[in-house]
Structures are given as structure tokens and as C-alpha cells.
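Here's the structure, in C-alpha cells; my notes come after.
Residue numbers (my numbering): 12 to 257.
Printed below as a string of C-alpha cells:
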């Protein structure tokens, strides 16, 4: 039987839940709608989903807290698309920082939401948890770090695991696939999130900052990811393939 993607919509606004759920169903997706974090947790206990559409502004546990909870639990690899208020860029930035895979600002067109969902699902399946895009699992070494592309773990010199969010992993993989090459913000956004940059989109700058923190890279004098003024970023280290990951 052909797989039908199952989308969980978490929003306290009943009208939005019903409109979005019905639109996605008409376009070939399976949908479930819930009103809050409690209902989301209860549903996920028994039913896996392919993607979660998660509103930020909800009473009780808001979407940011729920996203962080998802990323630290057994659903850490489930893609999350956050719905955010147009007027609050901070929420968008924090959402990506918490591990959201993409965001969409309200009010939005249902057609755009569908396009974003399909784009996130495509990206997720290009980088499933136990594989990488074009090769079997490998250990990629750079400086004192290694990236296990099977477990999607960053390892320090002592072999200690540094957990990466999905967005951080995709950004690091992009840099490791294109070392010593200047990549513009638009290119990085497209490669990691599958969309063009908004006029004042700061998500890539935020992700670079977060990745530098993971790498213990001094933002004032970075050793791994350098800023190229007016152009973008460049990963300065050569990358060595050590062999198959364990």
C-alpha cells in the first residue's frame, strides 16, 4: 500500500485547525488536528506522524516549549514546521534555535503551507536518520572534530557526543560537503531549508552562531566557519573521510 504522509496540526484556533486540516486532506495528505500540547503528547504516544505543524502562540505550553520537548525526546527526528506571528521575528529565530525545520508566518495561504510541508518532507527524506544523501555512513573529520553521518552525531577529540538539531546537522553537512568555498546566505538557506531567503531573514546567521557554539568556535576569531563580508560564510578546514561509521 502506498504511504500517505500523516500531518499532525497543533493549534488552539479551531477555525485554523479545520481549514488547514481539510485543505491538506483534499491535497492527498492524512491529517490529525489537536488543540494543545496535552493532546499532542497523548496522540504521539500511540501514533507516529511524518510532520508536525506547531503553532507558537498557544495557552499553557506554547509551541517553543513543545518544540524543545519534541527535540529532546523520542520524536526528535520528526520534522516540525512552526506557525509564527508576522510581527515577531524573535519567535521565528527562537523556533529555529529550538530545532524547528521551517516556519511560516501568519496570516498565510494554505497553498504555501502545503508547499512548505512538501519541501520539508523532501529534505527530511534526503537526510534520513540512518543514512546520508549520496553515500553509506561515514566518519568525516575536520580539526579536532568528527561527524558520524549514520548517527548524525558530532564527536569531539575524546569521542564525547555533541547532539545536533536537524537544522544544525544539515548546515554542518552542507559546509563539510563544500569546504573552503564561500557560500552565500541564500545558497545556505536553500540547501538547508529548501527555500529562498526573506528580505530580512536571519535564520542562517542564527544557525551559524549555534553551530559555532557546538564547535566551541570563537565568533570573534572563528577557526572553522569564517564570515566573508557581503558574501556569506566559508568553512575553512579540509575535510577527511575516515571510513565507515560505527
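For each residue, glycine too, the CB sits at the ideal point set by N, CA and C.
Taking the Cβ atoms as the reference, residue 152 lies roughly 5 Å from residue 253, within the contact range of under 8 Å. The Cβ neighbour count for residue 231, taken over all protein chains shown within 10 Å, is under 16; the residue is labelled exposed.
Residue state for residue 237 is assigned as strand, using DSSP reduced to three classes.
Comparing alpha-carbon positions, the option among 32, 16, 227 lying closest to residue 90 turns out to be 16. Proximity to residue 183 across 123, 245, 171, 124 peaks at 245, based on C-alpha coordinates. Taking C-beta atoms as the reference points, residue 226 and residue 235 count as a pair closer than 7 Å. By the criterion of a C-beta distance shorter than 7 Å, residue 233 is surrounded in its chain by 223, once the five residues flanking it on both sides are discounted. In the displayed model, residue 169 falls within coil according to three-state DSSP, outside both helix and strand. For a cut-off of 8 Å, the C-beta gap from residue 200 to residue 214 is around 7 Å, short enough to register as a contact. When 203, 72, 32, 157 are compared, the shortest CA-CA separation from residue 122 is found for 32. Relative to the Cα of residue 150, the nearest Cα in the group 37, 47, 24, 251 belongs to 251. With a cutoff of 7 Å on beta-carbon distance, residue 63 and residue 95 are scored as not near each other. For the 7 Å CB-CB criterion, residue 40 and residue 18 form a contact. Rounded to whole angstroms, the gap between the alpha carbons of residue 60 and residue 88 is 11 Å. In this chain, the beta strand (DSSP E) harbouring residue 42 covers 41-45. Sixteen is the threshold: when 16 or more other Cβ atoms of the shown chains lie within 10 Å of the Cβ of residue 181, as they do, the residue is buried. Taking C-beta atoms as the reference points, residue 194 and residue 154 fail to come closer than 7 Å. Under the three-state reduction of DSSP output, residue 155 falls in the coil class, being neither helix nor strand. The Cβ atoms of residue 92 and residue 127 sit closer than 7 Å to each other. DSSP places residue 185 inside the alpha helix (DSSP H), whose first and last residues are 177-188.
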